[in-house]
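Visitor: Below: one structure in structure tokens.
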Amino acid sequence: EAGLPKLPEIDPSELTYHKLCAVADVEEGKSKPFTIEGTHLALFNDGGKFHVVDNRCPHMGYPMSEGSVRDGVLICHWHHWEFDLKTGGCFLTSGDDLKAFPVEVRDDGNVYVGLLPGEREEARQRMIDRGKRTLEQGLKDRSSFLIAKAVTALRESGATAQEIIQHGLFYGSYKSQEGWSSGVAVLGIGANMWNDVSEKDHNLFLVHGLTQIARRTGGGSRRQRFPFPRATS
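Numbering (the working numbering) for the sequence shown: 4 to 236.
Structure representation (structure tokens):
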């Protein structure tokens, strides 16, 4: 456990504990998802010890309650990211940690989880950050699937269309050799027409524009251009 992160120190007086379920409701080796005040949680019974973590994988949002635990290691079944079940520490180099929450098993036979007052907003921000990482990966891979997934996640978590458009325009300008492409034009036109189209088509507008940017950018950043030095006599 030497290389694993420690759980952040939390003032116990700031925590509000919420009842999840009875101990008997989650068999040993099993898990169960919960949503408490907008926070998505996964409860695990590992050898009789209970642990609660964020139910969204920090990689791409797969439900961790669908994962498996082996020797205290929680494995996401989508891309096989591995986390320490107790602390949420990610074993993948440069991988983001999974948030772990304080747990109490009380004399009444129930399992409780402790949440801080601002947990809902913090969880929302984690979803936005995760969506932006997915969008970045989708643009790099030129994957319309990842782009669509990221746009949907970002919009559902409260990110504004302006944030998503700015992210795409910056990427398109920075990754195009000339700092401009038809993809940037398509997304820009979509932004200008935003209020003229049906709300149900907004995500489609974003995905189409971002996909066009991805298809017209290379892997490297654009070359910096500098003026010729002034001639000296």
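Glycine included, every Cβ here is placed at the ideal spot set by N, Cα and C.
All values derive from a computational prediction rather than experimental measurement.
State the DSSP-derived secondary structure class of alanine 5, mapped to helix, strand or coil.
Guide: Any answer about alanine 5 is weak, because its pLDDT of 47 lies below 50 and its placement is not dependable; what the coordinates show is given next. It is coil, neither helix nor strand.
Visitor: Using three-state DSSP, classify alanine 162 as helix, strand or coil.
Guide: Note: alanine 162 maps to coil in three-state DSSP.
Visitor: Would you report the Cα separation of isoleucine 167 and alanine 217, rounded to the nearest angstrom?
Guide: If I take the Cα positions, the gap works out to 14 Å.
Visitor: Do glycine 134 and serine 160 have their beta-carbon atoms positioned less than 8 Å apart in this structure?
Guide: Going by C-beta atoms, serine 160 is nearer than 8 Å to glycine 134.
Visitor: Ends of the alpha helix (DSSP H) at asparagine 195?
Guide: It spans 185-195 - the alpha helix (DSSP H) in which asparagine 195 sits, taken as one unbroken run.
Visitor: Going by the beta-carbon positions, is the gap between asparagine 206 and arginine 158 smaller than 8 Å?
Guide: A contact, by the Cβ cut-off of 8 Å.
Visitor: Rounded C-beta distance between leucine 142 and tyrosine 174? I'm assuming under 8 Å.
Guide: About 5 Å; that satisfies the 8 Å criterion.
Visitor: Please list the terminal residues of the continuous alpha helix (DSSP H) segment that includes alanine 27.
Guide: Premise fails: alanine 27 is in no alpha helix (DSSP H) and is neither H nor E.
Visitor: Output needed for alanine 5: all residues of its chain with C-beta closer than 8 Å, excluding positions within five of it in sequence on either side, in chain order.
Guide: Note that alanine 5 has pLDDT 47, beneath the 50 cutoff, so the model's placement of it is unreliable and no number is given.
Visitor: Given 8 Å as the limit, is there contact between the segment 18-35 and the segment 84-103, that is, 3 or more CB pairs closer than that?
Guide: The segment 18-35, when compared against the segment 84-103, does not touch it at the 8 Å Cβ threshold.
Visitor: Does the Cβ-Cβ distance between leucine 46 and valine 72 come in under 8 Å?
Guide: No, these two residues do not count as a Cβ contact at 8 Å.
Visitor: Check each candidate in Asp204, Met196, Ser201, Ser179 and name the one with the smallest Cα separation from glutamine 215.
Guide: Among Asp204, Met196, Ser201, Ser179, the Cα nearest to that of glutamine 215 belongs to Ser179.
Visitor: Measuring straight from C-alpha to C-alpha, what distance separates tyrosine 177 and histidine 170?
Guide: Taking the straight line joining both Cα atoms gives about 11 Å.
Visitor: Under 8 Å, do glycine 41 and alanine 126 count as touching if we go by C-beta distance?
Guide: Yes, they are a contact pair.
Visitor: Does the beta-carbon distance from lysine 102 to glycine 91 come in below 8 Å?
Guide: Contact flag set, yes.
Visitor: Can you tell me whether proline 61 is helix, strand or coil according to DSSP?
Guide: Three-state result, proline 61: coil.
Visitor: Name the residue from Asn58, Val108, His211 whose alpha carbon lies nearest to the alpha carbon of methionine 67.
Guide: It is Asn58 whose Cα lies nearest to the Cα of methionine 67.
Visitor: What would DSSP say about aspartate 259, mapped onto helix, strand or coil?
Guide: Nothing can be reported for residue 259, as the shown portion of the chain is limited to 4 through 236.
Visitor: Could you please give the first and the last residue of the uninterrupted beta strand (DSSP E) stretch that includes threonine 90?
Guide: Looking at the DSSP string, threonine 90 is not in any beta strand (DSSP E), and its letter there is neither H nor E.
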